[in-house]
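Engineer: Protein chains in written order, with the numbering used here: chain W, 1 to 193; chain B, 1 to 193.
Pasting in a structure now, in structure tokens, and then I'll have a few things to ask.
There are 2 protein chains.
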Amino acid sequence: MKNRIITISREFGSGGRTIGKEVARQLGIPCYDQELLEKLAEESGFSRDYLREQGEYAGEKGLFGLSLAPRTYGLTNQDQIWKIQYDLICRLAEEGPCVIVGRCADYILRDRADCLRVFIHASLEKRAERIVREYGERPESPEQRLRDKDKRRATYYRFYTDMKWGRAQNYHISLDSGELGLDRCVDLIKQLY
Amino acid sequence: MKNRIITISREFGSGGRTIGKEVARQLGIPCYDQELLEKLAEESGFSRDYLREQGEYAGEKGLFGLSLAPRTYGLTNQDQIWKIQYDLICRLAEEGPCVIVGRCADYILRDRADCLRVFIHASLEKRAERIVREYGERPESPEQRLRDKDKRRATYYRFYTDMKWGRAQNYHISLDSGELGLDRCVDLIKQLY
Numbered sequence: 001m002k003n004r005i006i007t008i009s010r011e012f013g014s015g016g017r018t019i020g021k022e023v024a025r026q027l028g029i030p031c032y033d034q035e036l037l038e039k040l041a042e043e044s045g046f047s048r049d050y051l052r053e054q055g056e057y058a059g060e061k062g063l064f065g066l067s068l069a070p071r072t073y074g075l076t077n078q079d080q081i082w083k084i085q086y087d088l089i090c091r092l093a094e095e096g097p098c099v100i101v102g103r104c105a106d107y108i109l110r111d112r113a114d115c116l117r118v119f120i121h122a123s124l125e126k127r128a129e130r131i132v133r134e135y136g137e138r139p140e141s142p143e144q145r146l147r148d149k150d151k152r153r154a155t156y157y158r159f160y161t162d163m164k165w166g167r168a169q170n171y172h173i174s175l176d177s178g179e180l181g182l183d184r185c186v187d188l189i190k191q192l193y
Numbered sequence: 001m002k003n004r005i006i007t008i009s010r011e012f013g014s015g016g017r018t019i020g021k022e023v024a025r026q027l028g029i030p031c032y033d034q035e036l037l038e039k040l041a042e043e044s045g046f047s048r049d050y051l052r053e054q055g056e057y058a059g060e061k062g063l064f065g066l067s068l069a070p071r072t073y074g075l076t077n078q079d080q081i082w083k084i085q086y087d088l089i090c091r092l093a094e095e096g097p098c099v100i101v102g103r104c105a106d107y108i109l110r111d112r113a114d115c116l117r118v119f120i121h122a123s124l125e126k127r128a129e130r131i132v133r134e135y136g137e138r139p140e141s142p143e144q145r146l147r148d149k150d151k152r153r154a155t156y157y158r159f160y161t162d163m164k165w166g167r168a169q170n171y172h173i174s175l176d177s178g179e180l181g182l183d184r185c186v187d188l189i190k191q192l193y
């Protein structure tokens, strides 16, 4: 397998985004994360802040919010965003080697033989430490925030891909960044490129 | 994390056993796989052929076979084997560095900080090719054999560990041996030791 594209799926707080950026920097290829959001905002007309959550998370109503209520009136905002995101990610993959963080890129590019699919995870404790360090304290406990994020991300993933999020079998390599450390994860991924 | 022990959990047909043996050979430490079965046979009085399936797979009755029927009369054979296997694996881990293949060792040693937990998987197609090559043809299709094995192993794992088998979060590293190749898997695991 010769890889031109690396997709990084990650649990919230696992450092997957940082790992993706560093891999891209060391390999000298672009990393689409914030840039993806910018392009998505440009093409969809929705604001970046709105899109930050919409292309990866189910709303508070979970699957019910995704599947039933608003669909009475045709495509939901999330359906439209999914479609634009889908096309955009396919286009970016065509343009050349890159790292793509999140946004179900692993699923969207699943049929490309040149795509290395990576999943980054860590224990609840390690992720809780990390999000407090990175994003500060909030009214809810960090564990509560993580559980909520995990649940809404898994629901979104399940709905649009019909696959189970975090199942090892969906990825070429899955790494526990909390135990292995971010630098080691970067090294391992680089070696597979 | 400094690793003295490596546990290899694997999907049937993924080559996980071969990877475990090769890692152990290259690191110059013992690999417990057949030897574990020998010791288990010695300590339990059950035959090796009987034990080959019993410490990893639910029977054809699945969860029902494990949980209800035979338990009316106290401990089942599988319960006894689980207990002996549990104690044996803890003892082996105490004795010194080693690789342990299968037998829920990842769960049994989960509280040891010096244990690297590895999961090896591959696509159904790649595993089907491999089992026909290694074990020859059978009356059932290879895909059918794999699905049956996967299901019975997941049921066993769930029953005795109360965890979901194949969930990336249970392991430090999960690898797709079909895409990455066995040698590369061996290299990556060795680096983390």
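Note that the Cβ used here is the ideal one computed from N, Cα and C, for glycine as well.
Here the structure is a predicted model, which means the values were calculated and not measured.
Just to check my reading of the structure: C104 of chain W and Y160 of chain W have Cβ atoms closer than 8 Å, yes? What is that Cβ distance to the nearest angstrom?
Structural biologist: Counting from one through the first sequence, the residue named residue 104 of chain W turns up at place 104. Counting from one through the first sequence, the residue named residue 160 of chain W turns up at place 160. Rounded, the Cβ-Cβ distance is 6 Å, consistent with contact.
Engineer: What residues are listed by DSSP as bridge partners for L175 of chain B?
Structural biologist: The residue given as residue 175 of chain B occupies position 175 in the second sequence. Bridge partners of L175 of chain B: W:I173 and B:I120.
Engineer: Could you tell me whether any Cβ in chain W is nearer than 8 Å to the Cβ of G20 of chain B?
Structural biologist: Position 20 of the second sequence holds residue 20 of chain B. For G20 of chain B, no CB of chain W lies under 8 Å from its own CB, so it is not counted at the interface with that chain.
Engineer: Any C-beta of chain W sitting closer than 8 Å to the C-beta of D176 of chain B?
Structural biologist: In the second sequence, counting from the first residue as 1, residue 176 of chain B sits at position 176. Closer than 8 Å to some Cβ of chain W, the Cβ of D176 of chain B qualifies, so yes.
Engineer: Nearest by alpha-carbon distance to Q78 of chain B: which of B:E53, B:L88 and B:G96 is it?
Structural biologist: Counted from its first residue, the second sequence places residue 78 of chain B at position 78. Of the listed residues, the one whose Cα sits closest to Q78 of chain B is B:E53.
Engineer: With distances taken Cα to Cα, identify the nearest neighbour of Y193 of chain W among W:T76, W:D87, W:D176 and W:C98.
Structural biologist: If you number the first sequence from 1, residue 193 of chain W lands on position 193. Among W:T76, W:D87, W:D176 and W:C98, the Cα nearest to that of Y193 of chain W belongs to W:C98.
Engineer: Mind checking the region 153-180 of chain B against chain W and listing, in chain order, the residues whose C-beta falls within less than 8 Å of any C-beta there?
Structural biologist: G166, R167, A168, Q169, Y171, H172, I173, S174, L175, D176, E179 and L180
Engineer: From R25 of chain B to C31 of chain B, what distance separates their C-alpha atoms?
Structural biologist: Here residue 25 of chain B corresponds to residue number 25 of the second sequence, with the count starting at 1. Here residue 31 of chain B corresponds to residue number 31 of the second sequence, with the count starting at 1. R25 of chain B and C31 of chain B: Cα-Cα distance of roughly 8 Å.
Engineer: Closer than 7 Å by beta-carbon distance: list the chain B residues that pair up with F119 of chain W, in chain order.
Structural biologist: The sequence position of residue 119 of chain W within the first sequence is 119, counting from 1. Simply A168.
Engineer: Evaluate the contact criterion for the region 113-127 of chain W versus the region 164-179 of chain W: three or more CB pairs, one atom per stretch, below 8 Å.
Structural biologist: The way I'd put it, the region 113-127 of chain W does touch the region 164-179 of chain W; three or more beta-carbon pairs between them come closer than 8 Å.
Engineer: Could you spell out the range, first to last residue, of the beta strand (DSSP E) harbouring R10 of chain W?
Structural biologist: As a position in the first sequence, residue 10 of chain W is number 10, starting the count at 1. Where R10 of chain W is concerned, the enclosing beta strand (DSSP E) stretches over I5 to R10.
Engineer: I need the straight-line Cα distance from D187 of chain W to V23 of chain W, nearest angstrom please.
Structural biologist: The count along the first sequence starts at 1 and reaches residue 187 of chain W at position 187. The count along the first sequence starts at 1 and reaches residue 23 of chain W at position 23. Approximately 8 Å between the Cα atoms of the pair.
Engineer: Please report whether the beta-carbon of L192 of chain B lies at a distance below 8 Å from any beta-carbon of chain W.
Structural biologist: In the second sequence, the residue the question calls residue 192 of chain B occupies position 192. With 8 Å as the cut-off, L192 of chain B counts as an interface residue toward chain W.
Engineer: Identify whether R167 of chain B lies in helix, strand or coil by the three-state DSSP scheme.
Structural biologist: What you label residue 167 of chain B is simply residue 167 of the second sequence in a count that begins at 1. Of the three classes helix, strand and coil, the one that applies to R167 of chain B here is strand, per DSSP.
Engineer: Does the pairing of the region 6-15 of chain B with the region 125-140 of chain W give three or more beta-carbon distances under 8 Å?
Structural biologist: No: the two stretches stay apart, fewer than three of their Cβ pairs being nearer than 8 Å.
Engineer: Using 8 Å as the limit for Cβ to Cβ distance, is L109 of chain W near chain B?
Structural biologist: By one-based count along the first sequence, residue 109 of chain W stands at place 109. By this cut-off, L109 of chain W is not an interface position.
Engineer: Answer yes or no: does any C-beta atom of chain B fall closer than 8 Å to that of L37 of chain W?
Structural biologist: Mapped onto the first sequence, residue 37 of chain W falls at position 37. Output row for L37 of chain W: interface = no.
Engineer: Let me make sure I understand the geometry here. Which of B:L40, B:D114, B:G45 and B:E56 has the alpha-carbon closest to that of L88 of chain B?
Structural biologist: Sequence index remark: in the second sequence, residue 88 of chain B carries index 88 (1-based). When only C-alpha atoms are compared, the closest one is B:L40.
Engineer: Could you name the residues of chain B that L188 of chain W contacts, counting a contact when the two beta carbons are closer than 9 Å?
Structural biologist: Within the first sequence, residue 188 of chain W is the residue found at index 188, counting from 1. Here the neighbours are I173, L188, Q191 and L192.
Engineer: In whole angstroms, what is the alpha-carbon distance linking K202 of chain W and E143 of chain B?
Structural biologist: Residue 202 of chain W lies beyond the residue range present for chain W, which begins at 1 and ends at 193; the question has no answer from this structure.
Engineer: Which word fits G16 of chain B, buried or exposed, when buried means at least 16 other C-beta atoms lie within 10 angstroms of its C-beta?
Structural biologist: Along the second sequence, read from residue 1 onward, the residue named residue 16 of chain B stands at position 16. The residue in question, G16 of chain B, is buried, as its Cβ has 16 or more Cβ neighbours within 10 Å.
Engineer: Helix or strand or just coil, what does DSSP make of C185 of chain B?
Structural biologist: To locate residue 185 of chain B, count along the second sequence from 1; it is residue 185. Residue state, collapsed to three classes: helix.
Engineer: Measuring alpha carbon to alpha carbon, tell me which residue in W:E35, W:G102, W:Y156 and W:A128 is nearest R145 of chain W.
Structural biologist: By 1-based counting over the first sequence, the position of residue 145 of chain W is 145. Among W:E35, W:G102, W:Y156 and W:A128, the Cα nearest to that of R145 of chain W is on W:A128.
Engineer: Using the C-alpha atoms, what's the distance from V118 of chain B back to C185 of chain W?
Structural biologist: Taking the first residue of the first sequence as position 1, residue 185 of chain W is located at position 185. Taking the first residue of the second sequence as position 1, residue 118 of chain B is located at position 118. Roughly 15 Å separates the two Cα atoms.
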